[in-house]
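J.:
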Amino acid sequence: MKRREFIKQAGAAGSLLVAPAIAMAGKTIRWKMVTTWPKNFPGLGTGANKLAALIGEMSGGRMKVKVYGAKELVPAFEVFDAVSRGTAEMGHGAAYYWKGKSEAAQFFAAVPFGLNAQEMNGWLYHGGGMALWTKLYERFNLVPAAAGNTGVQMGGWFNKEIKSLADLRGLKMRIPGLGGEVLKRAGGTPVSLPGSELYTSLQSGNIDATEWVGPYNDLAFGLYKVAKYYYYPGWHEPGTTLEALINKQAFEALPADLQSIVLNACKVVNQDMLAEYTARNNAALHTLVTRHKVKLRAFPEDVLKKLKSLSDEVVAEVAVKDADSRAVYASFRKFRDEVRAWHNVSELAYFRARG
Ligand code: CA
Numbered sequence: 000m001k002r003r004e005f006i007k008q009a010g011a012a013g014s015l016l017v018a019p020a021i022a023m024a025g026k027t028i029r030w031k032m033v034t035t036w037p038k039n040f041p042g043l044g045t046g047a048n049k050l051a052a053l054i055g056e057m058s059g060g061r062m063k064v065k066v067y068g069a070k071e072l073v074p075a076f077e078v079f080d081a082v083s084r085g086t087a088e089m090g091h092g093a094a095y096y097w098k099g100k101s102e103a104a105q106f107f108a109a110v111p112f113g114l115n116a117q118e119m120n121g122w123l124y125h126g127g128g129m130a131l132w133t134k135l136y137e138r139f140n141l142v143p144a145a146a147g148n149t150g151v152q153m154g155g156w157f158n159k160e161i162k163s164l165a166d167l168r169g170l171k172m173r174i175p176g177l178g179g180e181v182l183k184r185a186g187g188t189p190v191s192l193p194g195s196e197l198y199t200s201l202q203s204g205n206i207d208a209t210e211w212v213g214p215y216n217d218l219a220f221g222l223y224k225v226a227k228y229y230y231y232p233g234w235h236e237p238g239t240t241l242e243a244l245i246n247k248q249a250f251e252a253l254p255a256d257l258q259s260i261v262l263n264a265c266k267v268v269n270q271d272m273l274a275e276y277t278a279r280n281n282a283a284l285h286t287l288v289t290r291h292k293v294k295l296r297a298f299p300e301d302v303l304k305k306l307k308s309l310s311d312e313v314v315a316e317v318a319v320k321d322a323d324s325r326a327v328y329a330s331f332r333k334f335r336d337e338v339r340a341w342h343n344v345s346e347l348a349y350f351r352a353r354g
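Start counting the sequence shown at 0; every next residue gets the next number (numbering that gives the first Met the number 0).
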């Protein structure tokens, strides 16, 4: 009793001392975060929520970030512009949605047959990637940060079997970024649609096939109800980085400690989301196959080989489109080639040994 009283009093005294200091430092900083995801969507939307909550917690309440789902404040594909012009101070999405702004942006989300999650993080944080990304987005009045990773995605949902590359011909498929360009070269029609429209588009026949993320998210959207075959691997998205976009003026107006808190909260979510996907994907895959009787199929080796060769063509062409793409690709490719040598004798060798 005595001890509790003492702590209570000490706490009260402490807050008396601290409270005026906080009041003097100014009002709570309130930010809006617009996202390309449906509100509270597992993994992606909840990852954005977690990021906002962490910034609040780590700043001791000096910053509060309110999260908006797609269409609540702006539509999914207007997140980039909204943050750039300051309608919202922050955004959460994926860089390949902005290839209309800059082709080079795609390298910071996913490259077909490119880097996996572990390698993306290696390149971004310790291989020069982050500096290039920061430089690229500066032109758009934005500060970027990696803020999530899905791990290797799934190849997608189809209503027919893919036995050869010819089966992709004439196929209208939702597949974003460079993967979409590869599909086009294989004779298909890539479509870019926000996640919330996939189910109805597939059901209505507006599209023939779609990829989304992986078992955890695809189960949540109920895609198994509108397509029979579930293909792997996600050759087009081997470890997609999600991004946080921050309005440059809003970021620069923060004191140094809050800037550090915002960027480090992104780093925490970047790692945490990957851990969440790793844990949830395997459980969801089990549910899809056992409860919903999804037909799980591997792309034939020959199809993957051809897709890889088309991917190499597409990526090489993007890489010479402009100075940004040239610089980013040079760095990306150098890292990929070097890390491949290392991962062949570490991760790959281990997976093979474990079976
Ligand atoms: Ca995807």
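Note that CB positions come from ideal geometry on N, CA and C, so glycine has one too.
#1: For a test of your reading of the model: does the CB of Val338 fall under 7 Å from any non-hydrogen atom of ligand 1? Yes or no.
#2: If you reduce the DSSP assignment to three classes, tell me which class Lys294 lands in.
#3: Indicate whether the contact test is met: 3 or more Cβ pairs, each with one atom in the stretch 29-46 and one in the stretch 59-75, closer than 8 Å.
#4: Between Trp156 and ligand 1, is there a pair consisting of the residue's CB and a ligand heavy atom that are separated by less than 7 Å?
#5: Our contact map puts His91 next to Leu50 with C-beta atoms below 8 Å; I'd like the distance itself, whole angstroms only.
#6: For the candidate residues Trp156, Glu236 and Ser259, whose alpha-carbon lies nearest to that of Met198?
#7: For the alpha helix (DSSP H) holding Glu118, just list the boundary residues, first then last.
#8: When you compare only the Cα positions, how much space is there between Gly150 and Trp132?
#9: Which same chain residues end up closer than 7 Å to Ala47 when comparing Cβ atoms and leaving out the 5 residues on each side of it in sequence?
#10: For Ala22, I'd like the list of residues in its chain whose CB is within less than 7 Å of its CB, leaving aside the five on either flank, ordered along the chain.
#11: So, with DSSP's three-state summary, where would you put Asn280?
#12: Cα separation between Phe298 and Ala243?
#13: If contacts are defined as beta-carbon pairs under 8 Å, then Asp321 and Glu102 qualify, I think. What distance do you get, rounded to the angstrom?
#14: Taking buried to mean at least 16 other C-beta atoms within 10 Å of its own C-beta, is Ala20 buried or exposed?
#15: So, under 8 Å CB-CB, Asn280 and Ala226 are touching, yes? Tell me the CB distance rounded to an integer number of Å.
#16: The beta strand (DSSP E) that contains Arg61, what's its start and end?
#17: Check Tyr349 in the structure and name its three-state DSSP category.
#18: To the nearest angstrom, report how far apart His235 and Val78 are at their CA atoms.
#19: Please list, in chain order, all residues of the same chain as Thr86 whose beta carbon is under 7 Å from its beta carbon, the five residues on each side excluded.
T.: In this structure, then:
#1: no
#2: strand
#3: yes
#4: no
#5: 7 Å
#6: Looking at the sequence shown, residue 198 is not Met but Tyr. For Tyr198, the nearest C-alpha among the options comes from Trp156.
#7: Ala116 to His125
#8: 20 Å
#9: Met32, Thr34, Trp36, Val66 and His91
#10: Here the model assigns Ala22 a pLDDT of 41, short of 50, so the residue's position is not dependable, and the following value carries that caveat. Once the five neighbours on either side are set aside, Ala22 has no close Cβ partner at all.
#11: helix
#12: 32 Å
#13: 7 Å
#14: Reliability of the predicted coordinates at Ala20 is poor, the pLDDT of 42 falling under 50, and no value is obtained from them.
#15: Between Ala226 and Asn280 the Cβ distance is about 18 Å, and since that is not below 8 Å, they are no contact.
#16: Careful: Arg61 lies outside any beta strand (DSSP E) and carries neither H nor E.
#17: helix
#18: 23 Å
#19: Val73
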